[in-house]
Amino acid sequence: KAGVTQTPRYLIKTRGQQVTLSCSPISGHRSVSWYQQTPGQGLQFLFEYFSETQRNKGNFPGRFSGRQFSNSRSEMNVSTLELGDSALYLCASSATQAGDTIYFGEGSWLTVV
Amino acid sequence: DAKTTQPPSMDCAEGRAANLPCNHSTISGNEYVYWYRQIHSQGPQYIIHGLKNNETNEMASLIITEDRKSSTLILPHATLRDTAVYYCIVRAGTASKLTFGTGTRLQVTL
Numbered sequence: 010k011a012g013v014t015q016t017p018r019y020l021i022k023t024r025g026q027q028v029t030l031s032c033s034p035i036s037g038h039r040s041v042s043w044y045q046q047t048p049g050q051g052l053q054f055l056f057e058y059f060s061e062t063q064r065n066k067g068n069f070p071g072r073f074s075g076r077q078f079s080n081s082r083s084e085m086n087v088s089t090l091e092l093g094d095s096a097l098y099l100c101a102s103s104a105t106q107a108g109d110t111i112y113f114g115e116g117s118w119l120t121v122v
Numbered sequence: 230d231a232k233t234t235q236p237p238s239m240d241c242a243e244g245r246a247a248n249l250p251c252n253h254s255t256i257s258g259n260e261y262v263y264w265y266r267q268i269h270s271q272g273p274q275y276i277i278h279g280l281k282n283n284e285t286n287e288m289a290s291l292i293i294t295e296d297r298k299s300s301t302l303i304l305p306h307a308t309l310r311d312t313a314v315y316y317c318i319v320r321a322g323t324a325s326k327l328t329f330g331t332g333t334r335l336q337v338t339l
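Top to bottom, those sequences are chains A and B.
Under the numbering used here, think of the first position of the first sequence as 10, with each following residue one higher.
Under the numbering used here, think of the first position of the second sequence as 230, with each following residue one higher.
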């Protein structure tokens, strides 16, 4: 079956703009999580959505937001982009059963100039 | 989530077994040990996970000590394509938040 799909794969934005990234989870998975990866901070958890509700949130400013749709697809948005937001943004999905597997997509590379 | 400790880097000759250790001395009874790897900043690739028993799949074996305070990921016959950063993560139950450390950078050489 298809894996976690993220779009777009690469994008370049200008400081002050906003960006929306999309994630389609594995079929049947209801939980979607987002992570940011930078060289300096490594992989950091942004937030998790389950059944269209944010269930967990990492330590990021309010400029970072997300949502989940009824078909479990998710989007994350970053407003008022800063240079430091340049990163690989990763989406992961799981079935949220004890001992299940969390699968990651290939990520969206965001460059802010 | 329990904290994990891994060596920052390891080398392995191609064709030999790669044994990657992980310490998770504060692990709780309902926490699983997961292993992922990341190649060239692609998305993390799931390798294997376990609770208390040793596990094996087509990619690797996971050996968890009886007291569950440490584990070892074994790649039986390492190839150059196994060069990557390997992350050992402890995950509580159904929690979807994974806390990544800095991992072990495995370099497989000829």
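Heads up, the beta-carbon is just placed ideally off N, CA and C, and yes, glycines get one too.
Just to confirm before moving on: does the CB-CB distance between A:Ser-31 and A:Gln-46 stay below 8 Å? no
* To do: For the stretch 239–250 of chain B and the stretch 303–323 of chain B, state whether three or more C-beta atom pairs, one from each stretch, are separated by less than 8 Å.
  => yes
Item to check | A:Cys-64 - DSSP class collapsed to helix/strand/coil | outcome: One detail in the question is off: residue 64 of chain A reads as Arg in this sequence, not Cys. In this structure, A:Arg-64 counts as strand in the three-state DSSP scheme.
task: Name, going along the chain, the residues of the stretch 57–89 of chain A whose beta-carbon falls closer than 8 Å to a beta-carbon of chain B.
output: Glu-57, Phe-59, Arg-64, Asn-65 and Gly-67
Quick one: what's got a C-beta closer than 6 Å to B:Pro-273's C-beta in the same chain, skipping five residues either side? Tyr-265 and Gln-267
* **A:Ala-11 burial status per 10 Å Cβ neighbour count (16 or more: buried)** => exposed
ask   = Is the Cβ of B:Ser-270 closer than 8 Å to any Cβ of chain A?
value = yes
Local Cβ density within 10 Å of B:Thr-331, reported as buried at 16 or more and exposed below that: exposed
9 Å Cβ cut-off: residues of chain A touching B:Tyr-315:
None at all; the shortest Cβ gap to chain A is about 13 Å.
- Query: What does A:Lys-22 pair with, by DSSP beta-bridge criteria?
  - Reply: A:Val-121
query = Checking contacts by CB at 8 Å: is A:Gly-37 closer than that to chain B?
reply = no
Considering Cα atoms alone, identify which of A:Tyr-112, A:Val-121 and A:Trp-118 is closest to A:His-38. A:Tyr-112
Margin query: Only counting the same chain, and skipping five residues up and downstream in sequence, which positions put a Cβ closer than 6 Å to that of B:Tyr-205?
Written below: Coverage of chain B is limited to positions 230 through 339, which leaves residue 205 of chain B absent and any answer about it impossible.
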